[in-house]
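**Student:** Here's a structure for you.
Numbering (the numbering used here), first residue to last: 22 to 168.
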């Protein structure tokens, strides 16, 4: 959005979610699977994905990734350099502020701890995604079960 000329002082958080939702909707319309990697710290963000799943009659599954070791989390954050043009890396203070305002989860979800080995977490996530769990939405036009 910044490269397209949106001023950096403008709130881009909601706009970014709207852009990703539009892209995800188009991909789902093609019959493909979508994985959205987003903080989803607000009720409204999660409701956005529920609405999309309802509109596209697809299952919705949440995976929450945490880091239970705050020292390790901070070390990882401080050592991270993504080199995204125009993107300022979050600070530990901004992470703490976001954590303080994080809307508690009420939805079913898989929780993975990033201190566990990556390969194990990936296997657990893949098994969770393959299982017939999650929130299913069915279009009134479908006369058979949900996907």
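All residues carry an ideal CB built from backbone N, CA and C; glycine is no exception.
So, using beta-carbon positions, are residue 89 and residue 136 closer together than 7 Å?
**Tutor:** Translated into positions along the chain shown, residue 89 becomes position 68. Translated into positions along the chain shown, residue 136 becomes position 115. Yes, the Cβ-Cβ distance between residue 89 and residue 136 is below 7 Å.
**Student:** Unbroken beta strand (DSSP E) runs of length 3 or more, entirely within the stretch 47-121: which are they?
**Tutor:** With a minimum length of 3 residues, the continuous beta strand (DSSP E) runs that stay inside the stretch 47-121 are 84-87.
**Student:** Here's the rule: buried if 16 or more other CB atoms are within 10 angstroms of the residue's CB, otherwise exposed. What is residue 122?
**Tutor:** Locating residue 122 in the chain shown gives position 101, where the first residue counts as 1. The residue is exposed, with fewer than 16 neighbouring Cβ atoms inside 10 Å.
**Student:** Do residue 45 and residue 60 have their C-beta atoms closer together than 7 Å?
**Tutor:** Locating residue 45 in the chain shown gives position 24, counting from the first residue. Locating residue 60 in the chain shown gives position 39, counting from the first residue. Not in contact: residue 45 and residue 60 (Cβ atoms no closer than 7 Å).
**Student:** Pick out whichever of 42, 83 and 93 has its Cα sitting closest to the Cα of residue 147.
**Tutor:** Counted from its first residue, the chain shown places residue 147 at position 126. The candidate whose alpha carbon is nearest that of residue 147 is 83.
**Student:** Our contact map puts residue 132 next to residue 85 with C-beta atoms below 8 Å; I'd like the distance itself, whole angstroms only.
**Tutor:** Locating residue 132 in the chain shown gives position 111, where the first residue counts as 1. Locating residue 85 in the chain shown gives position 64, where the first residue counts as 1. Indeed, because the Cβ distance is near 5 Å, the residues count as touching under 8 Å.
**Student:** Which residues bound the alpha helix (DSSP H) around residue 151?
**Tutor:** Residue mapping note: residue 151 aligns to position 130 of the chain shown, counting from 1. First-last of the alpha helix (DSSP H) with residue 151: 139-151.
**Student:** Residue 126: which of 78, 67, 139 and 57 sits nearest, CA to CA?
**Tutor:** Here the question's residue 126 lines up with position 105 in the chain shown. Looking at the Cα atoms, 67 is the closest of the given residues.
**Student:** Assuming residue 57 and residue 70 make a contact with CB atoms under 8 Å, what is their CB distance in whole Å?
**Tutor:** One-based indexing of the chain shown puts residue 57 at position 36. One-based indexing of the chain shown puts residue 70 at position 49. Contact flag correct, Cβ pair sits at about 7 Å.
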